[in-house]
Amino acid sequence: MTDASRLVEDLCAAREALAEVPPDALLRVLREWADRWREPGREVGGDDLDRLSASTGWPRPHLVEALRRAFRPWTPAAIERSVRRAYDTRGAVPFARRDLWLLVLLAGRIPALATGVAFRALAAGVPVVLKPSSAEPVFCDLLARSARRHSDLLGGAVRVVTDPGTVASLLPEAPACLAYGRDETVARVREIRDGRPTWCGGHRESLVVVFREALGSESGAEAVAGGVARDCAIYDQSGCLSPHLALVEEGGGVPPRAFARMVFAHLQALERRWPPAVPAVEEAAALRLFAEESRILAALRGGRVFPGRGPARPLVVLMPDGVYRPGPGYRVLQVLTFRGETDFGRRAPSLAGRLQGLAAAGPRARLNATLRGAPGSMAPYVCRPGRLQSPPADWLENGLDLTAGLVHVGGGARDRSRVTASCRP
Amino acid sequence: MTVDDSLARQVREVIESGSPLDEDAFAALCLAVAEAQGLLRPDAPARGLDAIEPLPEAAFKLMTVAHFPPSEAQAVFHTSGTTRGTPGRHLVRDASLYRVSVLRGFERFAMYPPRPGRFVSLVPAASERPHSSLSSMISYVLETYPEVPPSRVRDGDRLDVATIRDALESAVRAREPVLLLGTTLDFLTFFEAVGSWGVRLPPGSRAMHTGGAKASGRAVDREDLWRTFARVLGIPAEDVIEEYGMTELLSQAYDSPRVSPGPRRLVPVPWMRTRVLDPLTFHEVAQGERGLLCHYDLANVWTAVAILTGDLATRVEDGFAEVERAPGASPRGCSHEAAR
Chain P
0 MTDASRLVED LCAAREALAE VPPDALLRVL REWADRWREP GREVGGDDLD RLSASTGWPR
60 PHLVEALRRA FRPWTPAAIE RSVRRAYDTR GAVPFARRDL WLLVLLAGRI PALATGVAFR
120 ALAAGVPVVL KPSSAEPVFC DLLARSARRH SDLLGGAVRV VTDPGTVASL LPEAPACLAY
180 GRDETVARVR EIRDGRPTWC GGHRESLVVV FREALGSESG AEAVAGGVAR DCAIYDQSGC
240 LSPHLALVEE GGGVPPRAFA RMVFAHLQAL ERRWPPAVPA VEEAAALRLF AEESRILAAL
300 RGGRVFPGRG PARPLVVLMP DGVYRPGPGY RVLQVLTFRG ETDFGRRAPS LAGRLQGLAA
360 AGPRARLNAT LRGAPGSMAP YVCRPGRLQS PPADWLENGL DLTAGLVHVG GGARDRSRVT
420 ASCRP
Chain X
0 MTVDDSLARQ VREVIESGSP LDEDAFAALC LAVAEAQGLL RPDAPARGLD AIEPLPEAAF
60 KLMTVAHFPP SEAQAVFHTS GTTRGTPGRH LVRDASLYRV SVLRGFERFA MYPPRPGRFV
120 SLVPAASERP HSSLSSMISY VLETYPEVPP SRVRDGDRLD VATIRDALES AVRAREPVLL
180 LGTTLDFLTF FEAVGSWGVR LPPGSRAMHT GGAKASGRAV DREDLWRTFA RVLGIPAEDV
240 IEEYGMTELL SQAYDSPRVS PGPRRLVPVP WMRTRVLDPL TFHEVAQGER GLLCHYDLAN
300 VWTAVAILTG DLATRVEDGF AEVERAPGAS PRGCSHEAAR
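Taken in order, these protein sequences are the chains called P and X.
With numbering that gives the first Met the number 0 applied, the first sequence covers 0 to 424.
With numbering that gives the first Met the number 0 applied, the second sequence covers 0 to 339.
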């Protein structure tokens with residue numbers, strides 16, 4: 000028997016076990032598990048935190064914040080909502096497919112990606128096999144160990160696979176699959192899956208829009224700037240909910256230039272609170288080239304870069320008449336300005352189908368009016384600045400309701416299943 | 000202080016002498032040029048090369064870099080990389096300065112004894128590519144050194160493989176060492192085209208390739224390339240010279256094992272210093288570590304004496320090795336130009 004077939008057997012057994020557990024018992028197990036991670040240092044020891052810090056590149060304070068954010072959405076109420084929703088919608092054939100499990104190909108190094116998938120799947124009674132990204136393989140291992148320590152039920156239902164041969168065996172056969180990664184990677188996964196239930200999360204971006212009403216006072220602008228800076232700084236801008244661009248409306252009490260300077264000051268302060276990872280030399284080179292080119296462009300075109308010389312990060316690039324250029328990450332924010340709703344549509348980059356999150360500061364009515372004129376800026380997740388990287392447990396990542404999708408497949412559907420939600424603000 | 004003829008004269012004297020400058024003398028002249036160009040850091044803590052704020056190579060794409068009226072440029076070289084569809088431009092005030100820089104460097108690194116008298120260039124002529132700094136460089140060389148007139152071995156963008164073979168076989172019959180010049184991609188194309196054909200060129204023959212496979216979409220293993228030169232042409236690895244140049248520079252670096260023994264590496268000409276910088280701190284990295292290349296080229300007296308490139312490389316002894324384009328830098332290189 001191969002490792003893959005042994006694992007599949009175990010997963011089917013885990014699915015059987017989940018099918019036998021009453022919803023209240025599942026609720027209790029999940030709540031207790033999430034509770035153990037409220038203080039990450041209690042659930043994993045110092046050595047493991049050091050290992051994870053080395054693997055993610057994030058110094059301890061940044062890492063601990065990342066771990067907190069991975070579990071914070073999974074409050075008792077959120078877990079209850081998820082489980083109840085899954086059970087309520089299972090109808091007459093809640094566990095028609097006793098062989099259902101979910102293969103998850105993870106990307107990047109943000110722990111919240113793995114926890115989000117794990118809780119959603121478990122709430123739907125579906126075991127998960129996590130294939131960590133090569134960039135960060137440690138967290139999944141700690142999560143699975145924690146699940147085993149916590150209960151047999153979770154231990155059997157949260158598995159990790161790293162061996163490429165085993166992954167290659169599982170990929171075409173998994174009853175359901177969720178793949179993150181570059182567009183080419185997820186396209187290849189779709190091809191291999193050949194019509195089996197598969198959800199994909201390719202390249203996505205997020206942006207910030209600040210209406211002039213939010214810049215009426217220094218204190219109001221400071222609060223918004225602080226939120227934008229936090230959204231940028233956490234995870235070193237490596238997530239799909241990390242904003243790389245802020246569109247700031249002219250005409251408020253605080254001009255865009257002053258606002259950009261405020262964001263930079265907050266980013267500087269966050270260097271101490273959430274120290275950044277040290278980028279690889281290639282990433283550092285990309286940062287440096289971006290910074291220097293931005294400084295030249297700003298000098299030529301009436302823009303401004305904070306800081307004007309020297310460090311390559313953190314960096315805020317204000318280009319009143321510029322265009323958005325794909326940024327290097329690691330806390331580099333571009334600020335473009337606009338004048339009114341019509342102008343927003345002209346200035347916002349074309350991100351239709353690629354926008355994951357939109358953080359908006361200002362009146363809701365202004366946002367609605369603006370998005371009506373720029374449907375490409377509709378995002379699955381809309382929030383206030385500072386909340387981009389703290390989505391609620393039931394947010395529709397990639398526009399996908401994973402729990403509903405798994406319930407659908409678990410109820411007997413074997414077709415390609417795409418359970419998506421509309422992206423209305 | 001502004002750039003003037005007297006400063007340019009000082010630079011020319013250094014280049015024409017061909018002698019290495021000691022660190023202090025180089026830094027003093029480089030700082031004088033940088034000051035005239037407005038490239039000194041306002042908050043510079045030291046007076047060495049650290050006091051100079053290098054100009055990113057992207058500046059040549061985004062603006063006109065010249066400390067003279069652009070209409071007085073004797074040559075305009077275009078980069079092959081095309082960010083936003085616009086090539087970078089290097090305006091050359093004094094083409095004779097480029098010529099002397101090219102010839103002094105070439106003499107030093109490529110014309111070691113026994114001197115070849117026959118040259119075969121795979122590079123398009125300057126008359127065909129007036130905006131190519133490489134074509135101008137090779138044209139200067141071909142005007143100066145060959146004892147036998149070089150054959151025309153290009154038909155537009157296409158290499159005339161039969162003529163190259165004839166020229167090489169003629170050198171074998173005459174028992175005269177030959178020097179082949181071309182981009183790395185040109186040589187790969189030639190080797191593929193000749194199939195099993197091969198000659199043993201007379202001792203002292205050598206090849207100078209440039210551009211690596213930067214952006215040509217091909218991965219070039221240097222050791223494979225050296226083996227192929229030996230197999231097809233009988234040129235040993237020690238006589239396979241690599242030249243590193245940029246449109247934005249008027250000086251070059253060479254990997255020429257007979258001149259710079261030791262580990263293979265690119266060594267700049269004496270009037271250019273190259274430092275490998277940590278991209279974040281701008282401090283020079285330790286030996287063996289990688290960083291961004293920053294060139295301090297005195298011959299750039301009329302444009303920018305210090306240029307921060309988009310090339311990543313490893314610092315090795317008195318030079319650098321393992322050059323590759325940094326992510327985020329626009330693809331370019333002589334091979335890229337030839338591949339287009």
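Note that the Cβ used here is the ideal one computed from N, Cα and C, for glycine as well.
Quantities reported herein were computed from a predicted structural model and do not represent experimental measurements.
query, result
"Going by DSSP, what residue range makes up the alpha helix (DSSP H) through residue 32 of chain P?", "22-35"
"Between residue 288 of chain P and chain X, is any beta-carbon pair separated by less than 7 Å?", "yes"
"Between residue 372 of chain X and chain P, is there a C-beta pair that is closer than 7 Å?", "Nothing can be reported for residue 372 of chain X: it is not among the residues displayed for chain X, which extend from 0 to 339."
"So, at 6 Å on beta carbons, what are the nonlocal neighbours of residue 361 of chain P in its own chain, with the 5 sequence-adjacent residues on each side left out?", "210, 212, 213"
"In chain order, what residues of the same chain have a beta carbon less than 6 Å from the beta carbon of residue 256 of chain X, not counting five sequence neighbours either side?", "237"
"Examine the Cβ distances between the region 273-285 of chain X and the region 148-168 of chain X and report whether three or more of them are shorter than 8 Å.", "no"
"Mind checking residue 85 of chain X: buried by the 16 CB within 10 Å criterion, or exposed?", "exposed"
"With a 10 Å radius around its C-beta and 16 neighbouring C-beta atoms as the bar for buried, classify residue 367 of chain P as buried or exposed.", "exposed"
"Is residue 163 of chain X near residue 152 of chain X, with beta carbons less than 7 Å apart?", "yes"
"In chain X, which residues lie with their C-beta within 7 Å of the C-beta of residue 292 of chain P?", "55, 57"
"Whole angstroms is fine: what's the gap from residue 341 of chain X's alpha carbon to residue 247 of chain X's?", "Nothing about residue 341 of chain X can be reported from this structure: the residues present for chain X run from 0 to 339 only."
"When burial is assigned at 16 or more other CB atoms within 10 Å of the CB, is residue 12 of chain X buried or exposed?", "exposed"
"Determine the burial state of residue 238 of chain P: buried for a count of at least 16 other Cβ atoms within 10 Å of its Cβ, exposed for fewer.", "buried"
"Ignoring anything shorter than 3 residues or poking outside the region 231-305 of chain X, list the beta strand (DSSP E) runs there in chain order.", "239-243, 252-254, 271-276, 289-296"
"Which residues, in chain order, does the region 289-300 of chain X contribute to contact with chain P at a C-beta distance below 8 Å?", "289, 290, 291"
"Expressed to the nearest angstrom, what Euclidean distance is found between the alpha-carbon atoms of residue 94 of chain X and residue 319 of chain P?", "40 Å"
"Would you mind giving the Cβ-Cβ distance between residue 303 of chain X and residue 39 of chain X, rounded to the nearest angstrom? I have them listed as a contact below 8 Å.", "Not a contact, Cβ separation roughly 12 Å."
"By DSSP's criteria, residue 318 of chain X is part of a beta bridge. Which residues make up the other side?", "X:315"
"Quick one: what's got a C-beta closer than 7 Å to residue 111 of chain P's C-beta in the same chain, skipping five residues either side?", "68, 69"
"Strictly under 7 Å for the Cβ-Cβ distance: is residue 436 of chain P near chain X by that measure?", "This structure leaves residue 436 of chain P out entirely; chain P is present only between 0 and 424."
"At 4 residues or longer, what runs of the alpha helix (DSSP H) sit wholly inside the region 14-89 of chain X?", "22-36, 58-61"
"Look at the alpha carbon of residue 459 of chain P and the alpha carbon of residue 112 of chain X, and state the distance between them as a whole number of angstroms.", "Nothing in the structure corresponds to residue 459 of chain P, since chain P is present only between 0 and 424."
"Quick one: Cα of residue 36 of chain X to Cα of residue 66 of chain X, how far?", "7 Å"
"Could you give the C-beta distance for residue 251 of chain X and residue 242 of chain X, rounded to a whole number, given that I count them as a contact under 8 Å?", "6 Å"
"Please state whether DSSP places residue 223 of chain X in a helix, a strand or coil.", "helix"
"Can a CB atom of chain P be found closer than 7 Å to the CB of residue 61 of chain X?", "yes"
"Hey, how far is the Cα of residue 428 of chain P from the Cα of residue 405 of chain P?", "Residue 428 of chain P lies beyond the residue range present for chain P, which begins at 0 and ends at 424; the question has no answer from this structure."
"Label residue 196 of chain X either buried or exposed according to how many other C-beta atoms from any shown protein chain fall within 10 Å of its C-beta, with 16 as the threshold for buried.", "exposed"
"Please look up how many angstroms separate the CB atoms of residue 215 of chain P and residue 252 of chain P, rounded, as I've assumed it's under 8 Å.", "5 Å"
"Buried or exposed: residue 301 of chain P, going by 16 or more other Cβ atoms within 10 Å of its Cβ?", "exposed"
"For the beta strand (DSSP E) containing residue 336 of chain P, list its first residue and its last residue.", "331-337"
"Under three-state DSSP, which class holds residue 383 of chain P?", "coil"
"Tell me the DSSP bridge mates of residue 182 of chain X?", "X:209"
"Buried or exposed: which applies to residue 148 of chain X, given that a residue is buried once 16 or more other Cβ atoms fall within 10 Å of its Cβ?", "exposed"
"Under 7 Å between C-beta atoms, does residue 379 of chain X make it to chain P?", "Because residue 379 of chain X is not part of the residues shown, which for chain X are 0 to 339, the question remains open."
"When burial is assigned at 16 or more other CB atoms within 10 Å of the CB, is residue 214 of chain X buried or exposed?", "Per-residue confidence for residue 214 of chain X stands at a pLDDT of 45, beneath the threshold of 50, marking its modelled position as unreliable; the derived number appears in the next sentence. The residue is buried, with at least 16 neighbouring Cβ atoms inside 10 Å."
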